[in-house]
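Here's the structure we're looking at; comments come further down.
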Ligand SMILES: Cc1cc2nc3c(=O)[nH]c(=O)nc-3n(C[C@H](O)[C@H](O)[C@H](O)COP(=O)(O)OP(=O)(O)OC[C@H]3O[C@@H](n4cnc5c(N)ncnc54)[C@H](O)[C@@H]3O)c2cc1C
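Numbering (my numbering), first residue to last: 46 to 443.
The following block contains the structure:
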């Protein structure tokens, strides 16, 4: 590790790895630091990603794909199931990754492109010069040191602190921070080619439970509920235990993780002088699904491209870096985030009887393609009692 770089990337998840790779390929000297001793562990993820989305970044490789998904099922509180086949569900089905290997592959590619990589190296404060971020104070294997850089990319995940230290407001309202618990379970009867989502206020109030296969009789089984509902006796892990006891009584838990997923709007600004914020740290998780791997890679790549141009031009001011902020916000991904935020706000307020009514109508529809807009149009046609709320949602989305 040197003392000065063009770019310092904080965090070795998908956002940081793609940012480091992109910037290194564009010719910058790059250092990526990761506070954990190993890239990719522990995995705090259900590991699902759409096939086409993944292929935008990397060719699928069996070394890090645990399951190839062909269908999805959404199960309403009363058990009504909506079945979606691959051609209908698009990016709602895809691959279940093995992120322990996948994240390492991405960081390995960044290293191959020329980026330095330092694990067990934690950023503890930004280095500030005349109001601009110029690197970070780090603790590397127990020793404190400074790493100077023309620009820093904060890719430090949902628990991100770096952007806040540098003056960006990163607060997430408690009700918009999903509290998640997940077991890797084995010896359970599952459809190994189907991702299943369970809705209902008893199962996961204002959230959902998921079963994402990792092979025959093995799956990530998890639950997410808003942080504001996470209380004694009703913590995410309690809901998960109740769900598992009912759905998979004979199953064995071989791994247990807890973690947060933000389902708020993205940060109101993702750049400052010398700083760009990407991935979960920028709050760009899809508010409906809680999926963030693709958006992390998308923002990481864009930040890497923009910073390469800014460093070459000798201008890493906030104004220059704004290209990144404007770029992702006006992209398809950015527009989807805004739309899905409104969709999420609508769905979390539905009662179980309303969810059942919706599922019953959808279950009988032959949707050519399962898109949110197609769904809402059908619902408006079929649910006169909910017409008013649904129409309001449709108008706000169009
Ligand atoms: C239970 C659960 C299930 C999920 N399921 C899915 C799913 O199925 N599909 C999907 O698309 N998304 C899912 N997500 C979300 C997904 O995991 C994230 O969106 C994705 O990992 C974001 O990537 P990232 O690179 O922004 O952050 P991360 O992957 O979190 O990486 C951030 C990295 O920064 C490091 N770091 C933090 N602070 C510092 C510091 N100060 N110094 C150095 N390093 C630091 C961390 O150790 C970490 O390695 C899930 C999340 C959870 C919690």
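Idealized CB from N, CA, C, for every residue including glycine. From a predicted model like this one, the values you see are computed outputs, not experimental measurements.
**Report entry** Helix, strand or coil at residue 188 according to DSSP, with G and I counted as helix
**Finding:** strand
Query raised in the report: Quick one: is the Cβ of residue 284 within less than 7 Å of any heavy atom of ligand 1?
Result: no
Query raised in the report: Leaving out five residues before and five after residue 260 in sequence, what residues of the same chain have Cβ atoms less than 8 Å from its Cβ?
Result: Annotation for residue 260: 111, 112 and 237 place their beta carbon closer than 8 Å to its own, counting only its chain and skipping 5 residues before and after.
Report task. Compute the distance between the beta-carbons of residue 304 and residue 323, then report whether it is under 8 Å. Result -> no
Report task. Could you check which residue in 295, 51, 319 and 59 has the C-alpha nearest to that of residue 336? Result -> 59
Query raised in the report: Any heavy atom of ligand 1 closer than 7 Å to the CB of residue 116?
Result: no
Query raised in the report: For the segment 147-195, which segments carrying the beta strand (DSSP E) assignment without a break, of at least 3 residues, lie completely within its bounds, in sequence order?
Result: 161-163, 166-174 and 177-185
Report task. Please go through the same chain and pick out, in chain order, the residues whose beta-carbon is closer than 6 Å to the beta-carbon of residue 272, but skip the five residues on each side of it. Result -> Cβ neighbours of residue 272 beyond the five flanking positions: 219, 222 and 224.
Query raised in the report: Nearest to residue 326 by CA position, among 54, 119, 50 and 91, is which residue?
Result: 54
Report task. Can you have a look at residue 385 and say buried or exposed, based on whether 16 or more other CB atoms are within 10 angstroms of its CB? Result -> The residue in question, residue 385, is buried, as its Cβ has 16 or more Cβ neighbours within 10 Å.
Requested in this report: Give the single residue among 353, 308 and 242 whose Cα lies nearest to the Cα of residue 389.
Outcome: 308
Report task. Could you check what DSSP says for residue 375 in three-state terms: helix, strand or coil? Result -> coil
Requested in this report: Assess, as a yes-or-no matter, whether the segment 160-167 is touched by the segment 122-129 under the definition of 3 or more beta carbon pairs within less than 8 Å.
Outcome: no
Query - Per DSSP, the bridge partner or partners of residue 300 - result: 229
Query raised in the report: Are the beta-carbon atoms of residue 264 and residue 258 separated by less than 8 Å?
Result: yes
Report task. Have a look at 117, 243 and 299 and flag the residue whose alpha-carbon is nearest the alpha-carbon of residue 284. Result -> 243
Report task. Taking residue 378 as the reference, give the member of 184, 88, 330 and 70 with the closest Cα. Result -> 330
Query - Three or more C-beta pairs below 8 Å linking the segment 94-101 and the segment 73-86 - result: no
**Report entry** Cβ-heavy atom distance, residue 343 to ligand 1, below 7 Å
**Finding:** When distances are taken from the beta-carbon of residue 343 to the heavy atoms of ligand 1, even the shortest one reaches 7 Å or more.
**Report entry** residue 394 in three-state terms, based on DSSP
**Finding:** coil
Requested in this report: Go ahead and pull the three-state DSSP assignment for residue 276.
Outcome: Residue 276: strand per DSSP, three-state reduction.
Query raised in the report: Contact check, residue 266 vs residue 227 under 8 Å by CB: the rounded distance?
Result: 7 Å
Query raised in the report: Given a threshold of 16 other Cβ atoms within 10 Å of its Cβ, counted over all protein chains shown, does residue 87 qualify as buried or as exposed?
Result: exposed
Report task. Ignore the nearest five residues each way along the sequence and tell me which others in residue 62's own chain have a CB closer than 6 Å to its CB. Result -> 151, 152 and 155
**Report entry** Status (buried if at least 16 other CB within 10 Å, exposed otherwise) for residue 289
**Finding:** buried
Query raised in the report: Taking Cβ positions, are residue 167 and residue 183 nearer each other than 8 Å?
Result: yes
Query raised in the report: What did DSSP end up calling residue 224 once you bin it into helix, strand or coil?
Result: strand
Requested in this report: Could you check if residue 355 is buried or exposed, using at least 16 other CB atoms within 10 Å of its CB as the buried criterion?
Outcome: buried
Query raised in the report: In chain order, what residues of the same chain lie with their CB nearer than 8 Å to the CB of residue 275, ignoring the 5 residues before and after it?
Result: Taking C-beta separations shorter than 8 Å and ignoring five residues to either side along the sequence, the partners of residue 275 in its chain run 224 and 281, following chain order.
Query raised in the report: Span of the beta strand (DSSP E) holding residue 310?
Result: Taken as a continuous stretch (DSSP letters only), residue 310 belongs to no beta strand (DSSP E), as it is neither H nor E.
Requested in this report: Could you tell me the distance, in whole angstroms, from the CA atom of residue 363 to the CA atom of residue 83?
Outcome: 33 Å
Query raised in the report: Would you say residue 168 touches ligand 3, meaning its beta carbon is less than 7 Å from a heavy atom?
Result: What this structure holds is ligand 1, not ligand 3.
Query - Straight-line Cα distance separating residue 270 from residue 239 - result: 22 Å
Query raised in the report: Ends of the beta strand (DSSP E) at residue 239?
Result: 239-243 is the span of the beta strand (DSSP E), which, as asked, contains residue 239.
**Report entry** Own chain, CB closer than 8 Å to residue 358, minus 5 neighbours either side, in chain order
**Finding:** 365
Query raised in the report: residue 78 by DSSP, collapsed to three states: which one?
Result: strand
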